[in-house]
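2 protein chains.
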Amino acid sequence: MLEKVLRVNALYDFYQPLLTPKQQEYLNLYYLNDFSLGEIADRNQVTRQAVYDNLKRAESALETFEEKLGLFRKYKTRLTVISKMKSLAGHLDREESKQLDSFINELESLD
Amino acid sequence: MLEKVLRVNALYDFYQPLLTPKQQEYLNLYYLNDFSLGEIADRNQVTRQAVYDNLKRAESALETFEEKLGLFRKYKTRLTVISKMKSLAGHLDREESKQLDSFINELESLD
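For the record, the sequence lines run as chains U and R. Numbering of the first sequence is given in this note's numbering, commencing with residue 960 and proceeding in unit increments. Numbering of the second sequence is given in this note's numbering, commencing with residue 960 and proceeding in unit increments.
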């Protein structure tokens, strides 16, 4: 279950803007704020089953976006490369190291 | 017009998988293969107006994806950073330069 929560959270970071407002709201409450299905149902005056179905559809939409665009997969690869670049920066002369670090910062600010 | 064609082409590179098969087909024929509206209409046995409306909707969908995810904007920024990294690599010692080049290749393969 933890693995599932972490994955939904990660995919949500990348694809949130592509979800409907309702999908965003339910995922937010359930995965990020630890509401139960029943609590979300009460709050929205719908059935627990309706909340469950909406959450499943939202999770499935996130996985479909990831299959199509692979943003999370690419992000993880970039993290690995950036980590190797940081290690290289540690072995360079002061000025070159500073330059590489600033480029790394620019790359990190895009993710 | 050229600017428009280049932008649609670029956005299409990033968001093609999110478009419907019909949107993909029309954009492909019109922007990448230089078919006219009339030729696409004949080929699909629909009106010229229907092709035009579908193309407009597809272009608008591409712009909406870019507003939401900014993949093309981030790509362009990454290109600039990578170009500065290549210049830095040219000033490093042989072994360090080789390492940085290989990291740059890994980053480039993700775009």
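We put the beta carbon where it would ideally sit given N, CA and C, even for glycine. As the structure is a prediction and not an experimental result, all values here were calculated from the model.
Residue i versus residue j: straight-line alpha-carbon distance, rounded
i, j, result
"Gly-971 (chain U)", "Asn-1064 (chain U)", "It should be pointed out that residue 971 (chain U) corresponds to Tyr in this sequence rather than to Gly. Between Tyr-971 (chain U) and Asn-1064 (chain U), the C-alpha separation is close to 23 Å."
"Glu-1022 (chain R)", "Tyr-1034 (chain R)", "15 Å"
"Asp-1070 (chain R)", "Asp-993 (chain U)", "35 Å"
"Arg-1032 (chain R)", "Glu-1025 (chain R)", "8 Å"
"Thr-1006 (chain R)", "Ser-1019 (chain U)", "36 Å"
"Ala-1000 (chain U)", "Tyr-989 (chain U)", "11 Å"
"Thr-1039 (chain U)", "Arg-1002 (chain R)", "47 Å"
"Glu-1055 (chain U)", "Ala-1048 (chain U)", "8 Å"
"Asp-1060 (chain U)", "Ile-1041 (chain U)", "10 Å"
"Ala-1017 (chain U)", "Glu-984 (chain R)", "27 Å"
"Ala-1009 (chain R)", "Val-964 (chain R)", "20 Å"
"Ser-1068 (chain R)", "Arg-1037 (chain U)", "10 Å"
"His-1050 (chain U)", "Pro-980 (chain R)", "50 Å"
"Gln-982 (chain R)", "Arg-1053 (chain R)", "49 Å"
"Glu-998 (chain R)", "Gln-975 (chain R)", "22 Å"
"Gln-1004 (chain R)", "Gln-1004 (chain U)", "48 Å"
"Asp-1012 (chain R)", "Tyr-1011 (chain U)", "37 Å"
"Arg-966 (chain R)", "Arg-966 (chain U)", "33 Å"
Element boundaries [alpha helix (DSSP H), containing residue i]
i, result
"Gln-1004 (chain R)", "Per DSSP, Gln-1004 (chain R) belongs to no alpha helix (DSSP H) and is neither H nor E."
"Phe-973 (chain R)", "961-974"
"Ser-1056 (chain U)", "1053-1067"
"Phe-994 (chain U)", "Taken as a continuous stretch (DSSP letters only), Phe-994 (chain U) belongs to no alpha helix (DSSP H), as it is neither H nor E."
"Leu-1047 (chain U)", "1030-1048"
"Tyr-985 (chain U)", "980-986"
Expected contact under 8 Å - CB spacing of residue i and residue j to nearest Å
i, j, result
"Phe-1062 (chain R)", "Lys-1045 (chain U)", "Their Cβ separation, rounded to whole angstroms, is 10 Å, which puts Phe-1062 (chain R) and Lys-1045 (chain U) out of contact at 8 Å."
"Leu-986 (chain U)", "Leu-1014 (chain U)", "7 Å"
"Leu-977 (chain U)", "Lys-1027 (chain R)", "6 Å"
"Leu-991 (chain R)", "Asn-968 (chain R)", "7 Å"
"Leu-1030 (chain R)", "Phe-973 (chain R)", "4 Å"
If you measure beta-carbon to beta-carbon, which residues of the segment 1049-1070 of chain R are closer than 8 Å to chain U? His-1050, Leu-1051, Glu-1055, Gln-1058, Leu-1059, Phe-1062, Glu-1065, Leu-1066, Leu-1069
What are the residues of the segment 1035-1048 of chain U that lie near chain R, defined by any Cβ-Cβ distance shorter than 9 Å? Thr-1036, Arg-1037, Thr-1039, Val-1040, Ile-1041, Lys-1043, Met-1044, Leu-1047
Cβ-based contacts, 7 Å cut-off: residues of the segment 961-978 of chain U near chain R: Pro-976, Leu-977
Using a Cβ cut-off of 7 Å, which residues of the segment 1007-1027 of chain U contact any Cβ in chain R, in chain order? Hits within the stretch, in order: Lys-1027.
Please name the residues in the segment 978-1001 of chain U whose beta-carbon is closer than 9 Å to at least one beta-carbon of chain R, in chain order. From the segment 978-1001 of chain U, no residue has a Cβ closer than 9 Å to chain R.
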